[in-house]
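Take a look at the structure set out below.
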Amino acid sequence: MSEEELIEQLKTQIIEALSLEDITPADIDPDAPLFVEGLGLDSIDAIELMLLLERNYNIHIDDPKKRREVLTSVRTMAQLIQSQGKE
Amino acid sequence: MQAYINSTGIISPQQTYDGTFFATPIVNTESMILNAMEPVYKEIINPVLLRRMSHVIKMGLGASNLCLKAAEGIRPDAVVVGTGLACLYDLEKFLLSIDDYHEKMLSPIPFINSSHNTVSSQIAIMNKLTGYNITYCHRAISFESALMDSLMLIAENEADNVLAGGIDEFLHNYYAIFNLLSYWRKETISNLSLFEGSHAGSIPGEGAAFFLLGKEKNENTLAKLIDVQTFVTKCDVSYLNNEIDNLLKRNGLQRKDVDLFLLGRNGDNQHDGIYLDLEKRLPETSCVAYFKHLCGEYMTASSFATWVAANILKTQNIPDCLIKKAPAQSQIKRILIYNHYLEKEHGLILLEAK
Amino acid sequence: MARRVFITGFGIISAIGNGVEENFKSLTEKRSGIGKVSLLETSLSNYPVGEIKADSETLAKMGGIELSTIDSRTFLIGLIAAKEAVQMSGCEEYLSSMGLVGSNTVGGMDLNDRYYRELISGNGTNKDKVISFDCADAGERIANHLGITHNITTISTACSSSANTIMNGTRMIKNGIADRMLVGGMDALSRFSINGFNSLEILSQTGCKPFDKNRDGITAGEGAAFLVLEAEDVVGSRKIYGEVSGYANRNEAFHATASSPDGEGAVQTMEKALASSHLQPSDIDYINAHGTGTLVNDISEGRALDKVFGENVPLFSSTKGYTGHTFAAAGAIEAVFSLLAINRGVVFPNIALNNKLEEMNANPTTELCEHPVRNVLSNSFGFGGSNTTLIFSKI
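Protein chains in written order, with the working numbering: chain Z, 2 to 88; chain C, 2 to 355; chain U, 42 to 436.
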């Protein structure tokens, strides 16, 4: 799967996991920050996104600093998944 | 201890979210569930916040927002909510996920939402209300407990205005469980035929009703809340009579001073007897009305009744759809609501015209 | 002027003991009740808990009843604590005219956990248990046992629940609705709570360390506590253990689970409680902090204490290092500890603290202090921003 395909897949999964009802994949800029700006997600959403990575991609990250890096944008999430060969 | 009902907001199985009082035809359904007629929540609640909210939270926020909107700028000093089942949907979701996922990788959102005070807290967060905030969860006297606390807050001068509400939703699993206890009517009927014949079981409903209770009245005031009493015991009608008479007496009143008795009869012959016994002992001059054929049975149905009573006192008209017995009335000055749950938890709410 | 409200009795059961004396002994001997889970069946057994080491049958015996199939653990521990409070107060003859305000968050979750799935599938074998699922059940059945019929209700505001029952009961008396109220809370350990806090990633791996720089979360605990509150004019010659002299309930209106980092919500609640008691910060001799051991709460509360008390933060401690976080019961349990502080002239230490929190100026007391205690301030801060502060005073 290419990075772009994975990004599109992730967008759909994020929308579902976070119940972002009025948002379509097209609305999400893959490079925009997920937290504070951009989608404006919060700490509970961060936990949900980590669950998404665990359940769908078998990726578990304990280190809070690493988590913050991974969850910077949809693209950084996709890049991590690909780097671990988990797509 | 008294307070004025200065605005209301209600989501119920009737078309009430638009602020009207039985302006549209009464719901007549054989679905055997009285589901709420609901507004488009996105239009009332910030969609960004809406996304995590389960149905009961949306209903509570929706109704409270409608109430605040109707209050025309009055900001409550306190939020007091009563709910029998609270956020059972989320509680159940999380509970079942524990086994489904073997205690691993559980989503926290249903757990957070399952906290019984989620509705009262979300009202505070959404409206930036940092005052007194509390949730009562005691079955069919949850709403009465909320009213009692509201009256105390106003009497103590701790609040000039209190946002008080009652909320419970219909859930299929709750229905299934209580079906095992023969709570629900087996025969298919229209809700409007709930009191015909003698049958076991009632029809479930749901709703969220909020009231802005104020120390002072204004031009929008619907009615005055005079007193609330609850008691928890299996009892007969003599005991109930005593409770009613004590409540009235401490307010300098007698039964003949009550123009309408609004009763929570729910059509279940296993538990309706006390209502029928009470009716035989009411003054000839009093009206008697029921309400659960319109809202269904749920633990905070007395909040629907309170909305009905407040509107009757304002309009001075008892809609035909409610009436059981109505001798000619020149004026409706006082209404007493009586409701019980399985003859165990009993609530009395006394209202007066403003 | 509203009549004063006195405490004439209290009862408690927690991970550090059954009854007031056992709890007091553990507190003074710095003996924590936190350890490995032994009764609750959960795969999260590596997380320490504050468990009451008694199964339901034992709890029923302790409560003086025959165990029935519909008795939840939450009800059983509540009954034990309620009966101790009534006995201490000597108010048995007044029970039929008393009110009761109970609280809990999980209700009969031990029964719920076991039977819910089969019930929703239509299997009615255990349908008698249904009545015990909700959070009204425990308080209502305690009322039934004691012969209380009026002014009964249940409050559920997460971790501030039983603190709110004390405030509510006090106000019922001050407003003349009742002369005497039995108030308190109970929460049993459950897979629901442990998994819930684990899903939020705030369960401590090693046991909670309130106000410690290296704290890593809460420890789930279970317990129950009740107080008998009476109006000053009806106490007669019976012993008074203290007065509910101040209280406040505020909502942070900030976030569903987290308190505001600057502690502003806690500041407002504490200041309001002080104002209601007509006491100055300098009149407070001991603060029983909420101090759960989470990253967020302890900083927030610590900053709030600095703001309210300035350079003169009184002796303070969190006792959750002993009991774990008992959720709804915490407020009442800590009220009992506050009353013990007043009556026995001791300040209990904040155990499990090794490294001071840098974000706050004041230090919790880590040693047991014999110290006259006239006024105690007790904080309980719950999910949904539900903050309650109580002040208890010596008579």
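We put the beta carbon where it would ideally sit given N, CA and C, even for glycine.
Put simply, of C:L67, C:E31 and C:A209 the residue whose alpha carbon is nearest the alpha carbon of I46 (chain C) is C:L67. Only exposed fits K94 (chain U), as fewer than 16 other CB atoms lie within 10 angstroms of its CB.
Cβ-Cβ distances below 6 Å link Y133 (chain C) to A79 in the same chain, with the five nearest sequence neighbours on each side left out; the list follows chain order. Within chain C, the C-beta atoms nearer than 9 Å to that of Y157 (chain U) come from E93, L96, L97, N174 and I178, in chain order.
Leaving aside the five residues that flank R256 (chain C) on each side, the residues in its chain whose CB is nearer than 8 Å to its CB run, in chain order, I245, D246, L249, L283, P284 and S287.
Under the Cβ criterion (8 Å, minimum of three pairs), the region 180–188 of chain U counts as touching the region 116–126 of chain U. L261 (chain C) is bridged by DSSP to C:C288 and C:I336. The C-beta distance from A184 (chain U) to V233 (chain C) rounds to 6 Å, short enough to meet the 8 Å contact threshold.
Against R291 (chain U), the close residues of chain C are T131, G132, Y133 and N134, in the order they occur along the chain (beta-carbon pairs closer than 8 Å). Taking C-alpha positions only, G61 (chain C) is separated from Q317 (chain C) by approximately 28 Å. Under the criterion of beta carbons closer than 8 Å, G91 (chain U) and T364 (chain U) qualify as touching, at roughly 5 Å. With 16 or more other CB atoms across the displayed protein chains lying within 10 angstroms of its CB, I193 (chain U) is buried. Nearest C-alpha to L241 (chain C) among C:N340, C:S122 and C:N162: C:N340.
C-alpha of T335 (chain U) to C-alpha of G265 (chain C): approximately 46 Å in a straight line. Under the three-state reduction of DSSP output, P14 (chain C) falls in the coil class, being neither helix nor strand.
Neighbourhood of T298 (chain U) in chain Z, by CB distance below 9 Å: S44 and I45, in chain order. At least one C-beta of chain Z is nearer than 7 Å to the C-beta of S108 (chain C). Residue environment for D63 (chain Z): exposed (fewer than 16 other C-beta atoms within 10 angstroms of its C-beta).
Counting along the chain, F357 (chain U) sits inside no alpha helix (DSSP H); it lies in the beta strand (DSSP E) bounded by residues L356 to S358. Selection U:S109, U:N416 and U:G343 evaluated against F422 (chain U) yields U:G343 as nearest (Cα-Cα). By a beta-carbon distance limit of 8 Å, G372 (chain U) contacts I207 (chain U). Their separation comes to about 7 Å.
Of the other Cβ atoms in all chains shown, fewer than 16 fall within 10 Å of the Cβ of M42 (chain U); this residue is therefore exposed. Neighbours of I48 (chain Z) in chain U, taken as residues whose beta carbon is under 8 Å from its own, are S240, L241 and E242 in chain order. Apart from sequence neighbours up to five positions away, the residues of its chain that approach G76 (chain U) with a beta-carbon distance below 7 Å are P89, ordered along the chain.
Restricting attention to C:D91, C:C88, C:E31 and C:S203, the CA atom closest to the CA of I190 (chain C) is found in C:E31. Counted as a single uninterrupted DSSP element, the beta strand (DSSP E) harbouring F433 (chain U) occupies residues S427 to S434.
In the three-state DSSP reduction, Q83 (chain Z) falls in the helix class (H, G or I).
Note that the C-beta distance between P302 (chain U) and S359 (chain U) is not below 7 Å. Around the Cβ of M149 (chain C), a 10 Å sphere holds 16 or more other Cβ atoms; the residue is buried. For C176 (chain U), the secondary structure class from DSSP, reduced to helix, strand or coil, is coil.
Taking 7 Å as the cut-off, the beta carbon of A71 (chain C) is found no closer than this to the beta carbon of S122 (chain C). Look at the beta carbons and you see the region 46–55 of chain Z not touching the region 288–305 of chain U: under three pairs across the two are nearer than 8 Å. Residue range Y133 to Y137 is occupied by the beta strand (DSSP E) that includes I135 (chain C), with no alpha helix (DSSP H) assigned at that position. Closest in C-alpha terms to Y291 (chain C), from the list C:G253, C:D321 and C:V229, comes C:D321. Under DSSP, no beta-bridge partner is assigned to K124 (chain U). Remark: C-beta atoms of I6 (chain C) and A224 (chain C) approach each other more closely than 7 Å.
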